[in-house]
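Chemist: Sharing a structure, written as structure tokens. Questions coming.
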Amino acid sequence: MSAQERLTDALYGAGWSTVKRLPEPVAVRLGRTIADLAWKQRGKGVLRLESNYARVVPDAGPERLAELSRAGMRSYLRYWMESFRLPAWSAERIADGIDVKDLHHLTDGMAAGKGVILALPHLANWDLAGAWVTTRLGIPFTTVAERLKPETLYDRFVAYREGLGMEVLPHSGGSAFGTLARRLRDGGLVCLVADRDLSASGVEVRFFGETARMPAGPALLAQQTGARLLPVTLWYDDSPVMRGRVHPPVEVPESGTRAERTSVMTQALADAFATGIADHPEDWHMLQRLWLKDLDPARDQATAPGQDREGTS
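All residue numbers for the sequence shown refer to this note's numbering, where the first residue is 660 and numbers rise by one.
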């Protein structure tokens, strides 16, 4: 393990061991202070966040984008402060921590017995949403996690999420899809963060007017198992309660090849995600490159000078 990896692991470990012991008002102030310091430094993540927000809010000038990125960093650190503290929250605190609109799409789907796939973008706090599902609704679910380096950090995240009642599968290794399909055929629930995929198997979608790549997994699982596919969006307001919405089901097209059906369904997911992100752009924690134009600038030679802003993933 490199020195950088040891430092990263130690910082996350300190967060989970120390922040969860802080009184909530102190944790809130700490998160806001760290966010403002990071925002003022204008590092790569902040610049990339502004570049991504420029796609979401195309008429925003530099001042508005700066305001959005400051709010975005505060939202991002709220996510981390909450996540570090979640293992210490009572079941009642978790159950009261979210207000969800149109929850019937999920409960009706579970009652049908064919399984449900919840697909979310990186909005607000998806870990809190997962803890709410297992605590308030009493529904266990399965998800996947990217293998992080160092391995000890990945183990921390797995233990953290399993402690919240989730079954966590490694993204790599090739067996995750089959396990997810079995859970769905048994009438279970699968939750997947699905707004960014840099692999060769990702599906190209139009997202805020440009091409991005999103994972094919949610659509493929729905086709293969008959499970209901539901987009979910989350957001914060000025209260301690996070808000959420379960969107109507993404239907499997009646015709077309599997690839064509997957493309249509993934585009429908992207459109639902875009609705939630446009309504609450500051809660979209996308500090990495997403659009193919940013991943491969040579892909689009027609980009107007100055249209893209600096920043790296």
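Heads up, the beta-carbon is just placed ideally off N, CA and C, and yes, glycines get one too.
Here's a check: name, in chain order, each residue in its chain whose Cβ is nearer than 6 Å to the Cβ of tyrosine 738, leaving out the five neighbours to either side.
Modeler: Here residue 738 corresponds to residue number 79 of the sequence shown, with the count starting at 1. Cβ neighbours of tyrosine 738 beyond the five flanking positions: Asn784.
Chemist: Please report the Cβ distance between leucine 828 and valine 803, rounded to the nearest whole angstrom; I am assuming they are in contact, meaning their Cβ atoms lie under 8 Å.
Modeler: The residue given as residue 828 occupies position 169 in the sequence shown. The residue given as residue 803 occupies position 144 in the sequence shown. Right, their Cβ atoms sit about 5 Å apart.
Chemist: DSSP three-state label for valine 716, please.
Modeler: Locating residue 716 in the sequence shown gives position 57, where the first residue counts as 1. In the displayed model, valine 716 falls within coil according to three-state DSSP, outside both helix and strand.
Chemist: Using beta-carbon positions only, say whether glutamate 869 and arginine 714 come within less than 8 Å of one another.
Modeler: Taking the first residue of the sequence shown as position 1, residue 869 is located at position 210. Taking the first residue of the sequence shown as position 1, residue 714 is located at position 55. Yes, they are a contact pair.
Chemist: Tell me which same chain residues have a C-beta within less than 8 Å of the C-beta of arginine 841, skipping the five on either side of it?
Modeler: As a working mapping, residue 841 is identified with position 182 in the sequence shown. Closer than 8 Å at the Cβ level, and outside the excluded window around arginine 841, lies no residue.
Chemist: Can you list, in chain order, the residues of its chain with a C-beta nearer than 6 Å to that of glycine 704? Leave out the 5 residues immediately preceding and following it.
Modeler: For the purposes of this step, residue 704 is identified with residue 45 of the sequence shown, where counting begins at 1. These residues qualify, in order along the chain: Leu946.
Chemist: Could you tell me the boundaries of the beta strand (DSSP E) in which leucine 848 lies?
Modeler: For this step, residue 848 is matched to residue 189 along the sequence shown. That run of the beta strand (DSSP E) goes 848-852.
Chemist: Using 8 Å as the threshold, is the segment 880-888 in touch with the segment 774-781, meaning 3 or more CB pairs across them?
Modeler: yes
Chemist: Measuring only the C-alpha atoms, how far is valine 817 from alanine 929?
Modeler: Locating residue 817 in the sequence shown gives position 158, counting from the first residue. Locating residue 929 in the sequence shown gives position 270, counting from the first residue. Taking the straight line from one Cα to the other gives about 27 Å.
Chemist: For valine 678, tell me which candidate among Phe800, Ser860, Trp748 has the shortest Cα-Cα distance.
Modeler: The residue you call residue 678 lines up with position 19 of the sequence shown. That would be Trp748, whose Cα lies nearest to the Cα of valine 678.
Chemist: Measuring alpha carbon to alpha carbon, tell me which residue in Leu696, His764, Ala770 is nearest leucine 889.
Modeler: As a first step, residue 889 must be located in the sequence shown, where it is residue number 230. Out of Leu696, His764, Ala770, His764 has the C-alpha closest to the C-alpha of leucine 889.
Chemist: CB-CB under 6 Å to alanine 754, same chain, minus the five flanking residues each way: which ones, in chain order?
Modeler: Along the sequence shown, read from residue 1 onward, the residue named residue 754 stands at position 95. Within the same chain, alanine 754 has close Cβ partners Thr794, Arg795.
Chemist: Step through the CB atoms of chain B and report whether any lies within less than 8 Å of the CB of aspartate 718.
Modeler: Reference to chain B is not applicable here, since this structure consists of a single protein chain.
Chemist: Using a 10 Å radius around the Cβ and a threshold of 16 neighbouring Cβ atoms, would you call proline 940 buried or exposed?
Modeler: Translated into the one-based positions of the sequence shown, residue 940 becomes position 281. Buried.
Chemist: So which of Thr766, Gly772, Ala790 has the shortest CA-CA distance to arginine 752?
Modeler: For the purposes of this step, residue 752 is taken as the residue at position 93 of the sequence shown. Measuring from the Cα of arginine 752, the nearest candidate turns out to be Ala790.
Chemist: Could you name the residues of the same chain whose beta carbon sits closer than 6 Å to that of leucine 848, not counting the 5 residues immediately before and after it, in chain order?
Modeler: Reading the sequence shown from its first residue, position 189 is the one you call residue 848. Answer for leucine 848: Val775, Ile798, Phe800, listed in chain order.
Chemist: If I'm right that threonine 892 touches leucine 782 with Cβ under 8 Å, what's the distance once you round it to whole angstroms?
Modeler: Your numbering for residue 892 matches position 233 in the sequence shown. Your numbering for residue 782 matches position 123 in the sequence shown. Correct: roughly 6 Å between the Cβ atoms.
Chemist: Which partner residues of glycine 789 appear in the DSSP bridge assignment?
Modeler: In the sequence shown, residue 789 corresponds to position 130, counting from 1. Answer is none; glycine 789 lacks a bridge partner.
Chemist: For histidine 906 versus alanine 871, is the C-beta spacing smaller than 8 Å?
Modeler: By one-based count along the sequence shown, residue 906 stands at place 247. By one-based count along the sequence shown, residue 871 stands at place 212. Not in contact: histidine 906 and alanine 871 (Cβ atoms no closer than 8 Å).
Chemist: Can you give me the C-alpha to C-alpha distance between glutamate 726 and aspartate 718, rounded to a whole angstrom?
Modeler: Reading the sequence shown from its first residue, position 67 is the one you call residue 726. Reading the sequence shown from its first residue, position 59 is the one you call residue 718. Their backbone Cα atoms lie some 14 Å apart in a straight line.
Chemist: Which stretch, first to last residue, makes up the alpha helix (DSSP H) that contains phenylalanine 836?
Modeler: For the purposes of this step, residue 836 is identified with residue 177 of the sequence shown, where counting begins at 1. Element bounds for phenylalanine 836: 835-844.
Chemist: Can you name the residues that DSSP bridges to threonine 916?
Modeler: Working through the sequence shown from its first residue, we reach residue 916 at position 257. Bridge partners of threonine 916: none, in fact.
Chemist: Determine which residues share a DSSP beta bridge with serine 829 and list them.
Modeler: Taking the first residue of the sequence shown as 1, we reach residue 829 at position 170. Just to set this straight, residue 829 is proline in the shown sequence, not serine. DSSP output for proline 829 lists Ala804 as bridge partner(s).
Chemist: If we ignore side chains and look at the alpha-carbon of each, how far apart do arginine 733 and proline 684 end up?
Modeler: Residue mapping note: residue 733 aligns to position 74 of the sequence shown, counting from 1. Residue mapping note: residue 684 aligns to position 25 of the sequence shown, counting from 1. Cα to Cα, arginine 733 sits roughly 15 Å from proline 684.
Chemist: Indicate the three-state DSSP secondary structure (helix, strand or coil) for arginine 795 in the structure shown.
Modeler: For the purposes of this step, residue 795 is identified with residue 136 of the sequence shown, where counting begins at 1. Three-state DSSP puts arginine 795 in coil, outside helix and strand.
Chemist: Looking at the secondary structure, which residues open and close the beta strand (DSSP E) in which tryptophan 698 lies?
Modeler: Residue numbering aside, residue 698 sits at position 39 when the sequence shown is read from its first letter. Tryptophan 698 -> not in any beta strand (DSSP E); alpha helix (DSSP H) instead, spanning 683-700.
Chemist: Compute the Euclidean distance between the alpha carbons of valine 862 and proline 682, then round it to the nearest angstrom.
Modeler: In the sequence shown, residue 862 corresponds to position 203, counting from 1. In the sequence shown, residue 682 corresponds to position 23, counting from 1. Rounded to whole angstroms, the separation of the alpha carbons of proline 682 and valine 862 is 44 Å.
Chemist: Would you check if the distance between the CB atom of valine 687 and the CB atom of methionine 740 is smaller than 8 Å?
Modeler: For this step, residue 687 is matched to residue 28 along the sequence shown. For this step, residue 740 is matched to residue 81 along the sequence shown. Yes, these two residues count as a Cβ contact at 8 Å.
Chemist: Please return the same chain residues whose Cβ sits closer than 8 Å to the Cβ of alanine 875, not counting the five positions on each side in sequence.
Modeler: Reading the sequence shown from its first residue, position 216 is the one you call residue 875. Here alanine 875 has Asp856, Ser860, Gly861, Val862, Thr921, Thr925 as same chain residues with Cβ atoms under 8 Å from its own Cβ, once five neighbours each way along the sequence are excluded.
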